[in-house]
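Undergrad:
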Amino acid sequence: MSPTEIARVQKYLRQTFDNNRINLKRHSRDKESVEVLLEDEFIGVIYKDDEEGEVSFAFNMAILDMDLPELD
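Take any residue in the sequence shown, note its place counting from 1, add 25, and you have its number in my numbering.
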């Protein structure tokens with residue numbers, strides 16, 4: 026992802042979720058993805074998909090069972 030794409034996606038996420046603590050960080054190993062951070066905590070990855078000129082970005086967030094709260 027280019028720096029411009031990263032900035033645009035970050036702005037979109039911040040506006041959509043009304044949260045300026047969302048930050049995107051270039052993934053050093055993969056040029057087509059970025060890490061999504063909530064302040065300094067890693068919460069997921071965004072992948073760029075460019076298929077036949079149609080560009081989309083997919084947000085992948087894994088939630089571990091041990092992190093889920095118990096229901097009363």
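Glycine residues also receive a C-beta, built at the ideal position from the N, C-alpha and C atoms. Please read all numbers here as calculations on a predicted model, not as lab measurements.
Which residue's Cα is closest to the Cα of glutamate 76: Glu57, Ala87, His52 and Leu89?
TA: Glu57
Undergrad: Any beta-carbon of chain D closer than 9 Å to the one on arginine 39?
TA: Protein chain content of the structure displayed is limited to a single chain, and chain D is not contained in it.
Undergrad: By the three-class DSSP mapping on this structure, what secondary structure does lysine 73 have?
TA: In the structure shown, lysine 73 sits in a strand (DSSP, three-state: E or B).
Undergrad: Mapping the DSSP letters down to three states, classify alanine 32 as helix, strand or coil.
TA: helix
Undergrad: On the CB-based measure, 16 or more other CB atoms within 10 Å of its CB, does valine 80 come out buried or exposed?
TA: Looking at its Cβ environment, which holds fewer than 16 other Cβ atoms inside 10 Å, valine 80 is exposed.
Undergrad: Quick one: residues in its chain with C-beta nearer than 8 Å to the C-beta of isoleucine 68, no 5 flanking neighbours on either side, listed in chain order?
TA: If we look at isoleucine 68 and ignore the five residues flanking it on each side, its Cβ neighbours are Val61, Leu62 and Met86.
Undergrad: Give the single residue among Asp65, Pro94 and Tyr37 whose Cα lies nearest to the Cα of phenylalanine 84.
TA: Tyr37
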